[in-house]
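Asks: In the numbering used here, the protein residues as written are 6 to 457.
Backbone N, C-alpha and C fix where the C-beta goes; we use that ideal spot for every residue, glycine too.
All figures in this text were calculated on a predicted structure; none of them were measured in a lab.
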């Protein structure tokens, strides 16, 4: 009872001019408020657990986006579009899949080749067989067949012009000048590149020209494997009903493949390259044959090998026999690419083709919106293609204003509700304790007067 006057003074301070309220009316007003609060508590949904399926909106979570399509009914634009689509599809089929093979795994191969030579040559009364004509006798990936030989026998150490690297006068050191060149210590008489360039025989040298080599035979065998994508070994000529072009080929026929005759290379020699290029399907075929390319590489300069053999003469003095061997040098190169179809790469290339189809649409849209010759149709197509929206550049400011206004309305509604509740409670107290209320009221008025 003592606390009630204090409560009344607090409520009365918020409402300085209380009005008389009927107790029955006040009770009627309080009853709906209590009922509303009870209904809010009862109607408030129970909080679900995170593992409950009903917690989530599965339609929203599993939704997807799709593109809205505008169909332009124009025969000219449609012709351009479908021509580009057809070109892209044909490009993917012919170039990407057939020629380039981008739908397959590719790996470089490990190839081997060997050349076997048999034949004879003649120089005057001398006969040369395989051991004389080929040096070295066993050589991987190639062969050398001698066609002409220049030899200087019994060279001795002394001072002479070094024709491997001649030095012109004036000379340095102890060298002496002779016929415009410096004489240095070496094997004399000298035999080198500079005095064998011409077809003339150097002084003190012997020459042997080998004839009849065009009928000699070369047997070139080759094979290749692709260890990274398969364990199959492909051998040249292993395919049924196929022939190995380089098996038992005449030396004259091999030179003819390079548009060269035996007479042209008789004195200077030649450098011949044989390239075996493989393109093998490792997954679906046991047989594979290479493409053969034969070409001359020396540009007419020829090919020569220099050899020397040191021995002692009958007097025990050290001498040397120097030899320049001109001939046909055959190089065999074996290389290739193996392929194996890969399903992931097929999917990638199909996806790339589908992506390229959008290029046809972009190009046709550009023609339609920019370069279409009829203005009315171009504008009509633009309205169908492009939808313009309103200017929402100040949308955020407008949203902030709406939010502030809503907050002010909520605060006003709460203040009105509190005033109504305080008024009802104050009138109920005044009806129950009229004397205490009158005393507190007089005290309040006195304090208010002092405050003024």
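Can you give, in chain order, each stretch of the beta strand (DSSP E) that sits fully within the stretch 218-245 and has at least 3 residues?
Replies: 222-230 and 238-240
Asks: DSSP state of residue 288, grouped into three classes?
Replies: Your numbering for residue 288 matches position 283 in the chain shown. Three-state DSSP puts residue 288 in coil, outside helix and strand.
Asks: Residues in the same chain with beta-carbon distance under 8 Å from residue 142, minus the five sequence neighbours each way, listed in chain order, please.
Replies: Position 137 of the chain shown holds residue 142. Excluding residues within five positions, the ones whose Cβ falls inside 8 Å are 135 and 136.
Asks: Does residue 276 come out as helix, strand or coil in the three-state DSSP assignment?
Replies: As a first step, residue 276 must be located in the chain shown, where it is residue number 271. The answer is strand: DSSP assigns residue 276 an E or B state.
Asks: Between residue 296 and residue 340, what straight-line distance do the alpha-carbon atoms span, to the nearest angstrom?
Replies: The residue given as residue 296 occupies position 291 in the chain shown. The residue given as residue 340 occupies position 335 in the chain shown. The straight-line gap from Cα to Cα measures roughly 10 Å.
Asks: When the distance is taken between beta carbons, is residue 174 closer than 8 Å to residue 165?
Replies: Counted from its first residue, the chain shown places residue 165 at position 160. Counted from its first residue, the chain shown places residue 174 at position 169. Contact flag unset, no.
Asks: List in chain order: all unbroken alpha helix (DSSP H) runs of 4+ residues lying wholly within the stretch 369-405.
Replies: Listed in chain order, the alpha helix (DSSP H) runs fully inside the stretch 369-405 are 380-390, counting runs of at least 4 residues.
Asks: Using alpha carbons as the reference points, say which of 243, 101, 358 and 233 lies closest to residue 342.
Replies: Here residue 342 refers to the residue found at position 337 of the chain shown. It is 233 whose Cα lies nearest to the Cα of residue 342.
Asks: What are the boundary residues of the alpha helix (DSSP H) that includes residue 458?
Replies: Nothing about residue 458 can be read from this structure; the chain reaches only from 6 to 457.
Asks: Report the rounded CA-to-CA distance for residue 413 versus residue 360, giving the unit in angstroms.
Replies: Counted from its first residue, the chain shown places residue 413 at position 408. Counted from its first residue, the chain shown places residue 360 at position 355. C-alpha separation (whole angstroms): 54 Å.
Asks: For residue 120, count neighbouring C-beta atoms within 10 Å of its own C-beta (all shown protein chains included) and say buried if the count is 16 or more, exposed if not.
Replies: In the chain shown, residue 120 corresponds to position 115, counting from 1. It counts as buried.
Asks: Around the C-beta of residue 312, are 16 or more other C-beta atoms found within 10 angstroms, so that it is buried, or is it exposed?
Replies: For this step, residue 312 is matched to residue 307 along the chain shown. Residue 312 should be labelled exposed.
Asks: Measure the alpha-carbon distance for residue 125 versus residue 139 and round it to whole angstroms.
Replies: As a working note, residue 125 is residue 120 in the chain shown. As a working note, residue 139 is residue 134 in the chain shown. Each residue's Cα considered, the two are about 10 Å apart.
Asks: Where do the ends of the beta strand (DSSP E) carrying residue 193 lie?
Replies: Translated into positions along the chain shown, residue 193 becomes position 188. Counting along the chain, the beta strand (DSSP E) containing residue 193 begins and ends at 186-193.
Asks: Roughly how many angstroms separate the alpha carbons of residue 31 and residue 411, rounded to a whole number?
Replies: Locating residue 31 in the chain shown gives position 26, counting from the first residue. Locating residue 411 in the chain shown gives position 406, counting from the first residue. Because the pLDDT at residue 31 is just 46, under 50, the model does not fix this residue reliably, and the point stays unresolved.
Asks: Mapping the DSSP letters down to three states, classify residue 312 as helix, strand or coil.
Replies: As a working mapping, residue 312 is identified with position 307 in the chain shown. Of the three classes helix, strand and coil, the one that applies to residue 312 here is strand, per DSSP.
Asks: What does residue 149 pair with, by DSSP beta-bridge criteria?
Replies: The sequence position of residue 149 within the chain shown is 144, counting from 1. BP columns for residue 149 point to 334.
Asks: May I have the straight-line CA-CA distance separating residue 104 from residue 229, to the nearest angstrom?
Replies: Stepping through the chain shown from its first residue, residue 104 is reached at position 99. Stepping through the chain shown from its first residue, residue 229 is reached at position 224. Going by the C-alpha atoms only, they are around 22 Å apart.
Asks: Buried or exposed: residue 285, going by 16 or more other Cβ atoms within 10 Å of its Cβ?
Replies: As a first step, residue 285 must be located in the chain shown, where it is residue number 280. Looking at its Cβ environment, which holds 16 or more other Cβ atoms inside 10 Å, residue 285 is buried.
Asks: From this set, 110, 364, 302 and 282, which residue's C-alpha is nearest residue 93's C-alpha?
Replies: The sequence position of residue 93 within the chain shown is 88, counting from 1. Per the Cα distances, 364.
Asks: Less than 8 Å separating the beta-carbons of residue 256 and residue 298?
Replies: Translated into the one-based positions of the chain shown, residue 256 becomes position 251. Translated into the one-based positions of the chain shown, residue 298 becomes position 293. Not in contact: residue 256 and residue 298 (Cβ atoms no closer than 8 Å).
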